[in-house]
Each structure stands twice: as C-alpha cells, then as structure tokens.
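Protein chains in written order, with my numbering: chain A, 1 to 198; chain B, 1001 to 1198. For every residue, glycine included, the Cβ atom is placed at its ideal position computed from N, Cα and C. Worksheet: one structure, shown below.
There are 2 protein chains.
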Amino acid sequence: MARPRSFDEQDLLETVMEAFWRRGYSATTYRGIELITGVGIRSLANTFGEKDELFLTVLASYRGRVSRNLDKMFASPSIDSIVRFFERISSPSDEEDPRRNGCLMVNTVFEIDKPTAAVNREIAQYRDLFRSVFIESLESDQILDPEIRADFLIGALWGAFSQIRLARDPTSAKSISTVVVEVLDGWRSPVPPKHSVT
Amino acid sequence: MARPRSFDEQDLLETVMEAFWRRGYSATTYRGIELITGVGIRSLANTFGEKDELFLTVLASYRGRVSRNLDKMFASPSIDSIVRFFERISSPSDEEDPRRNGCLMVNTVFEIDKPTAAVNREIAQYRDLFRSVFIESLESDQILDPEIRADFLIGALWGAFSQIRLARDPTSAKSISTVVVEVLDGWRSPVPPKHSVT
DNA sequence: CATTTATTGCAACTAGTGTTGTAAAATCGA
DNA sequence: TCGATTTTACAACACTAGTTGCAATAAATG
Chain A
1 MARPRSFDEQ
11 DLLETVMEAF
21 WRRGYSATTY
31 RGIELITGVG
41 IRSLANTFGE
51 KDELFLTVLA
61 SYRGRVSRNL
71 DKMFASPSID
81 SIVRFFERIS
91 SPSDEEDPRR
101 NGCLMVNTVF
111 EIDKPTAAVN
121 REIAQYRDLF
131 RSVFIESLES
141 DQILDPEIRA
151 DFLIGALWGA
161 FSQIRLARDP
171 TSAKSISTVV
181 VEVLDGWRSP
191 VPPKHSVT
Chain B
1001 MARPRSFDEQ
1011 DLLETVMEAF
1021 WRRGYSATTY
1031 RGIELITGVG
1041 IRSLANTFGE
1051 KDELFLTVLA
1061 SYRGRVSRNL
1071 DKMFASPSID
1081 SIVRFFERIS
1091 SPSDEEDPRR
1101 NGCLMVNTVF
1111 EIDKPTAAVN
1121 REIAQYRDLF
1131 RSVFIESLES
1141 DQILDPEIRA
1151 DFLIGALWGA
1161 FSQIRLARDP
1171 TSAKSISTVV
1181 VEVLDGWRSP
1191 VPPKHSVT
C-alpha cells in the first residue's frame, strides 16, 4: 500500500548490537547509529521507538543468540560440556566475540545506573540460561550441590568476561579457564568431592 | 593570609567516592556532588580541577584504602589468608561495602567507554595489588603455577563483585566463595595438585 | 497515471552537564 | 582596622543528546 522500509530490521539490529556491545549504552548515541547504519534518526525512532526500547530489543536479540548457542553446546549436558564451553570462551579465536567486548549483559550490569525493570528482567533471564545448563550438566554427572557449584561457575565466567573486557584480550581468561577445567576434573566421578560444601 | 576552606578535603573525597562507587562516573554529576556535600561547584573545581581529575583522585584514594586492607590481611601470606579474604568479601556484613556497590574499580572497567591512560594505569595497579598478594600466598605454600592460579582467583573475585553488583546482595558471592575455599583446600599441601596445569 | 500512505530528511526544541567569569564575602596577618 | 588573598555564590556559556514536528519523497495499488 505504501513505501517500504529501505533497510532490513534484523541487519540493523545486528549493527546496533555491535555498537552497544562495544561502547555501551550511553556512549552509543542515536546520531552515532545514524552514521554507522546510514539509517536516519527519524526512521530508527519510527521503527524501534525510543532509545531504551531499542536497547531492550537488542538485549533480547542478544539473549536469543546466546540461548541458541547454549542449546547446541549443551545438547547432552555433562561436565564435558562445561569444559568445552570454558575452553571456547577463552579461546584466542572466539568467533562469538572477535572484538573482545566481553559480554553485553555483564557490561550492562555495570554500566546502567538505575536499570529499568525490563532490563533487570532481561539480565536475570540471561543469567538463568547459564545457571540452568550448568546445573543440568552437574546433575547429569551426579555432582553434589549443583546449585552452589553452578553459581561458582557463573562467577568464574563473569570474572573471565571482566578480564576480557579489561584487556580486550583473552589471555587472563585463559588462565581462569584452565583452572576451572582443573576444578571440574576434580569434581568428576569416580573421585567426587568427599563431602558436601555446605 | 587568606580565607580557609570551609570543608575538609578528605571528608569530601570520602563522600564523593561513595557517589562514584554507587552510581558510576557519568551518573555522578558535578551538580549532584554540590547537593550531597553542600560544597559549591566552583569550590570543587578550584580544589580538585575538572571532573576527570576528581575521579582520578578518588580512584587513587580507593586504591590506597584497599591496599592498606590487603597489607593487613596478608601480613603473613598463605592459603589461609586467601581463604579469610574470600570469606570476608562474601560475608553478609561486609563493612567495607555495606551498600553492596561491588568494587569501584571493576565498575569503572565496564562503565567508562574510552578510559584515559591514567585511569587504565590506576586499574592495572589495582589489579596487581591482588595479583601480588595471591601469588605471594600461593608461593609461600608451594603451590604450583602460582601466576595462573592467581589469575583464576582474580577472576573468581571479580565474578563475585559482578554478582554483588547485580543483586546488591552477597548471596551468590557466598556460593562463589564457598567453592573457591573448597578449591583452595584442594590445593593445600600435603595434597597439592598432582601435576602442573600447563 | 493518480492516489494513498508510510518513510525519510531536516531542523528545531528541550533538558542536562561540564566549565568558566565575575564580583561579593570571609578570613588571617599586620 | 585595613589590606591582601582565597574562597564562594551566582549565573552564563557552550555543547551534547534524546526527542518531535513537518513537509517532501517514494513506492504500491487501482
């Protein structure tokens, strides 16, 4: 009936995600997006609404992408899956994050002063993605206290993201990963921890 | 010879530190500091210079405080010192961070888009504080690969700060700490890791 | 080809922030 | 008390960013 959009929404979301990921929410301006994408401010606003709505859309898209990856990597959850996961994120050639921006969600936790309820929900859901697959994996190998150990793994993971973000380099994350793998090996049957950590 | 300051520089730095710590660099405005402290913008600028200089002064002050604490806690460095340290930061009543703002330096890593060289130096020095005491402690108990394990501990620590910042609550940090302590116990002599992790 | 309708480009508006100039106020020493 | 000198209050300035109004534009339908 009328004039169609001159850009593809998904493509644009990818570009915008890259910007938020690298520079953060504040430093990514609407006018900057206009320059990068070539799409006018007015069209952006028409399509995605205000800046925080666009950001929320990007977060959801990011979470979807990670979720699909985790589904693949933890198709048969086990300690081995976790090991492979940690080896991957600390790999010198991580195709998921070649620019070493760390993790968009973790970055957001620290950057936004007073996150909206929607943003908080998004981050909580994101964190739960990892918690679920970690717990599943630990349970499938009959590790004691899977929740506590899953929280530990999340901590190590977010710590690794911190170091990647800090140095834009996975070297330190590699050390973290190495020791985490050693710890995971120590948890394996038939030599599980002697007693519950609680 | 002339009119003296109506405020104490150290007191004011403490107040400003609290603000930067809680809300971050951007969200802490010069005018906001005026409201909190009662000290006029002009006086602030006269005393501390521009905003980024004030921030840098705050970072240095924060590092000094942490450094003094670490000196006390690691007076005789050992695995036990590390254990006590992790128990402390995940304690439900951490008097160093009652407001659960996490760590000012870690927060800064994520918040600032393009940190100045001075800020980067400050953060690197801060990180090295922990790295040094961890390495010293591990060496004193003859643990293999102290550097790699120190990097792991920093990762776990920063991960714990992430979770504290996320939930403004040390519950998840407690889990991290619990498992870290278990791991540290596993490293102790006379049952050290069988072989190097490298 | 004309009409319809969403898209687009431009510019303006508003709000907020770091910064600075200027003059009044306040304090200490002589 | 007076003068020197710093601090302080007030306001203005410059700049940036998000947002919005409006008219021109372009494509799809009949």
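Secondary structure note for VAL181 of chain A: its alpha helix (DSSP H) is the uninterrupted segment 171-187. Against chain A, the CB of SER1137 of chain B has no partner CB under 8 Å away; the residue lies outside that interface. When C-beta atoms of the stretch 1149-1166 of chain B are compared with those of the stretch 1086-1097 of chain B, three or more pairs fall below 8 Å, so the two segments count as touching. PHE134 of chain A is a Cβ neighbour of ILE82 of chain A, given a cutoff of 8 Å.
Annotation: the continuous alpha helix (DSSP H) that includes VAL1058 of chain B extends over 1051-1073.
DSSP, read as helix, strand or coil, puts PHE7 of chain A in coil. Of the other Cβ atoms in all chains shown, fewer than 16 fall within 10 Å of the Cβ of GLY1064 of chain B; this residue is therefore exposed. Around the CB of GLY1038 of chain B, fewer than 16 other CB atoms lie within 10 Å, so the residue is classed as exposed.
For LEU157 of chain A, the nearest beta carbon of chain B is closer than 8 Å to its own beta carbon. The beta carbon of SER1140 of chain B lies closer than 6 Å to those of PRO1077 and SER1078 in the same chain, with the five residues before and after it left out.
Per DSSP, GLN1142 of chain B lies in no alpha helix (DSSP H) and is assigned neither H nor E. Pairing ARG1121 of chain B with ALA1173 of chain B, the inter-Cα distance amounts to about 27 Å. Closer than 8 Å to the CB of GLU111 of chain A there is at least one CB belonging to chain B. Contact between the stretch 21-31 of chain A and the stretch 39-52 of chain A is present, with at least three C-beta pairs closer than 8 Å. With respect to chain A, the C-beta atom of PHE1074 of chain B has no partner C-beta closer than 8 Å.
The way I'd put it, the stretch 1001-1014 of chain B doesn't touch the stretch 104-111 of chain A; fewer than three beta-carbon pairs between them come closer than 8 Å. For THR1015 of chain B, same chain residues with a beta-carbon under 7 Å away, outside a window of 5 residues either side, are ILE1036 and THR1037 in chain order. For ASP80 of chain A, the enclosing alpha helix (DSSP H) starts and ends at 79-89. Each residue's CA atom was taken as its position, placing ASP1097 of chain B and GLU1018 of chain B some 10 Å apart.
Between VAL1058 of chain B and PHE1020 of chain B, the CB-CB gap stays under 8 Å. Not a single CB atom of chain B sits nearer than 8 Å to the CB of GLY32 of chain A. Residue contact with chain B for THR29 of chain A: absent (no Cβ-Cβ distance below 8 Å to any residue of chain B).
Per DSSP, ASN1101 of chain B is not a residue of any alpha helix (DSSP H), being assigned neither H nor E. Residue-level contact by beta carbon holds for ASN1107 of chain B and chain A, with a gap shorter than 8 Å. For VAL39 of chain A, the secondary structure class from DSSP, reduced to helix, strand or coil, is coil. Here ILE1164 of chain B has ARG1100, GLY1102, PRO1170 and ALA1173 as same chain residues with Cβ atoms under 6 Å from its own Cβ, once five neighbours each way along the sequence are excluded. Within chain B, the C-beta atoms nearer than 7 Å to that of SER26 of chain A come from SER1026, in chain order. At a cut-off of 8 Å, the C-beta of PHE48 of chain A has no neighbouring C-beta in chain B. DSSP, read as helix, strand or coil, puts ALA1002 of chain B in coil.
For GLN125 of chain A, no CB of chain B lies under 8 Å from its own CB, so it is not counted at the interface with that chain. Around ARG1084 of chain B, no beta-carbon contact reaches into chain A at under 9 Å, the shortest distance being about 17 Å. A buried status is given to THR1178 of chain B, since no fewer than 16 other beta-carbon atoms sit within 10 Å of its beta-carbon. Taken through DSSP and simplified to helix, strand or coil, ILE164 of chain A comes out as helix.
For LEU1054 of chain B and ARG1023 of chain B, the gap between their C-alpha atoms comes out near 15 Å. In this structure, the alpha-carbon of ASP1071 of chain B lies about 28 Å from that of GLU1111 of chain B.
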